[in-house]
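Quick note on numbering: the sequence shown equals residues 7 to 158 in the working numbering.
We put the beta carbon where it would ideally sit given N, CA and C, even for glycine.
Because the structure is a prediction, the values reported are computed rather than measured.
Contents: one structure, followed by commentary.
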Amino acid sequence: MSSKLEQLQALLAPVVEALGYQCWGIEFISQGKHSVLRIYIDKEGGILIDDCTAVSHQASAVLDVEDPISSEYTLEVSSPGMDRPLFTLEQFASHAGEQVKIKLRSPFEGRRNFQGLLRGVEEQDVVVQVDDHEFLLPIDMIDKANIIPSFD
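Pasting the structure below:
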């Protein structure tokens, strides 16, 4: 995790949790004037638009005071949704048995994209089965990971 992301996580997770929500994860996509800071929140029973609004107002106030991002950006607050992103080893472990799509920062065994069955975690690795092959992907190499929704 980048130091900017760690800084944002340390700043915003307590704000989200103080409002009674789980801070599922934070993404910061730096693209000049089109940068996006996205905060994913969750709670038992799901997230409503009013929940996102409450977190957005509180997070905006903290961001205005602390000013951790020097460039322009858009703040988004969202539920993780059905194709929920996975950020931590605990999240990967709790979603074992589900289909996932994982993109790595750099190639691992000649590839960056993996789609298959999430087997769980082993130490600092995410275990994913693609066809008949199991891959142990180091958590710090994962750029993006999402659950693939099942409509069975």
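Using a Cβ-Cβ distance under 9 Å, would residue i count as near chain C?
i   : result
D56 : Of the protein chains in this structure there is only one, and it is not chain C.
Helix or strand or just coil, what does DSSP make of residue i?
i    : result
L17  : helix
E23  : helix
E6   : The displayed coordinates of the chain run from 7 to 158. Any statement about residue 6 would go beyond what the structure contains.
A151 : strand
G38  : helix
S84  : strand
Return the bridge partner residues of residue i from the DSSP annotation.
i    : result
H139 : V136
C58  : BP columns for C58 are empty, so no partner.
Q121 : K107
Using alpha carbons as the reference points, say which of the options lies closest to residue i.
i    : options               : result
P91  : E82, D137, V61, I32   : I32
E129 : R44, P144, F120       : P144
L81  : D70, M88, D89         : D70
A99  : K39, R117, P113, G126 : G126
S85  : S156, Y27, Q13        : Y27
L14  : N119, E72, F114, G122 : E72
V22  : I53, S36, Q37         : I53
If we call anything under 9 Å between Cβ atoms a contact, is residue i one with residue j?
i    : j    : result
F34  : S62  : no
K10  : I75  : yes
S41  : E78  : yes
A67  : L25  : no
L123 : D131 : no
R44  : V83  : yes
Flag residue i as yes when its Cβ comes closer than 8 Å to any non-hydrogen atom of the ligand FAD, and as no otherwise.
i   : result
L95 : The ligand FAD is absent from the structure shown, which contains no ligand whatsoever.
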